[in-house]
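> Numbered by mature numbering (1 follows the signal peptide of the UniProt record, and there is no 0), the letters in the sequence shown go through residues -23 to -1, 1 to 118 in order.
We put the CB at the ideal spot given by N, CA and C, even for glycine.
The structure displayed is predicted, hence computed values, not measured ones.
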Amino acid sequence: MLYVLYFVIVTSALSAVITQIMAADSSDMLTVFNKCRDKTSATEDDIKTFRAQQIPSTTTGKCMLACMFNHSGLMKDGKYDSEGALKLVGQVFADNPIKLGKARQLINGCTDEVKKENDKCEIASKIADCTVKMSSQVGLS
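#1: Where R14 and G86 are concerned, what is the direct C-alpha to C-alpha distance, given to the nearest angstrom?
#2: Secondary structure at K92, three-state DSSP: helix, strand or coil?
#3: Which value, in whole angstroms, describes the spacing of the CA atoms of C40 and H48?
#4: Near E99, what residues of its chain come up, given a Cβ to Cβ distance below 7 Å and the 5 sequence neighbours on each side ignored?
#5: Contact defined as beta carbons within less than 8 Å: I believe L83 pairs with M111. What is the distance between those atoms, to the nearest angstrom?
#6: Are A19 and T37 close, meaning C-beta to C-beta below 7 Å?
#7: Could you give the residue range of the alpha helix (DSSP H) that holds F46?
#8: K97 and A62 - do their beta-carbons sit closer together than 7 Å?
#9: If we count the other Cβ atoms within 10 Å of its Cβ and call it buried at 16 or more, is K79 buried or exposed?
#10: Comparing alpha-carbon positions, which option in G116, L117 and V109 lies nearest I32?
#11: Using a Cβ-Cβ cut-off of 8 Å (strictly less than) and excluding sequence neighbours within five positions of D58, which residues of its own chain qualify?
#12: If you drop the 5 nearest sequence neighbours on each side, which residues of the same chain put their C-beta closer than 7 Å to that of F46?
#13: Do you know whose CA, among D54, D72, E94 and R81, lies nearest G116's CA?
Encoded structure:
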């Protein structure tokens, strides 16, 4: 079940942040995963998508991702939380100002990309897509 955490790690430059913060209690991450799976009625196909480390394309998969992002601090009240994301990267890259600067560029770029979206599930999907794209662009992959 922890493969969901690995999905977040692979699809997001911010995943290192989530991993380090959540790693202290992996049972907590498993609890979040199970709650989000149940809350969104994610299907076995959705779980397979996470297991394959792919960004979900179904509504239930995207909503599960949104739920997990809400628990990680990347989203708040169904919106991308750039302040939360900046706080997370600040903690992870506190000792690496170069990576911190790149992560901030990524967050700023993705903030612009998702700001017109209103559906929380679509926002989560766009955050994941944007993060993958921007990671390469800013040299953080």
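The short version:
#1: By one-based count along the sequence shown, residue 14 stands at place 37. By one-based count along the sequence shown, residue 86 stands at place 109. The alpha-carbon atoms of R14 and G86 are separated by roughly 29 Å.
#2: For the purposes of this step, residue 92 is identified with residue 115 of the sequence shown, where counting begins at 1. Reduced to three states, the DSSP call for K92 is coil.
#3: For the purposes of this step, residue 40 is taken as the residue at position 63 of the sequence shown. For the purposes of this step, residue 48 is taken as the residue at position 71 of the sequence shown. Distance between the alpha carbons of C40 and H48: 13 Å.
#4: As a working note, residue 99 is residue 122 in the sequence shown. Cβ within range, chain order: K39.
#5: If you number the sequence shown from 1, residue 83 lands on position 106. If you number the sequence shown from 1, residue 111 lands on position 134. Yes, they are in contact, since the Cβ atoms of L83 and M111 sit about 4 Å apart, within 8 Å.
#6: Position 42 of the sequence shown, counted from the start, is the residue given in the question as residue 19. Position 60 of the sequence shown, counted from the start, is the residue given in the question as residue 37. Going by beta carbons, A19 and T37 fall inside the 7 Å limit.
#7: By 1-based counting over the sequence shown, the position of residue 46 is 69. Residues T36 to S49.
#8: As a working mapping, residue 62 is identified with position 85 in the sequence shown. As a working mapping, residue 97 is identified with position 120 in the sequence shown. At the C-beta level, A62 and K97 stay beyond 7 Å of one another.
#9: The residue labelled residue 79 in the question sits at position 102 within the sequence shown. Residue environment analysis places K79 among the buried positions, since at least 16 neighbouring C-beta atoms fall within 10 angstroms of its C-beta.
#10: On the sequence shown, residue 32 is found 55 positions in, with the first residue counted as 1. Of G116, L117 and V109, the smallest CA-CA separation from I32 is found for V109.
#11: Translated into the one-based positions of the sequence shown, residue 58 becomes position 81. Excluding sequence neighbours, D58 sits near G50, L51 and M52.
#12: Taking the first residue of the sequence shown as 1, we reach residue 46 at position 69. The answer, listed in chain order, is M52, A101 and I104.
#13: As a working note, residue 116 is residue 139 in the sequence shown. Among D54, D72, E94 and R81, the Cα nearest to that of G116 is on R81.
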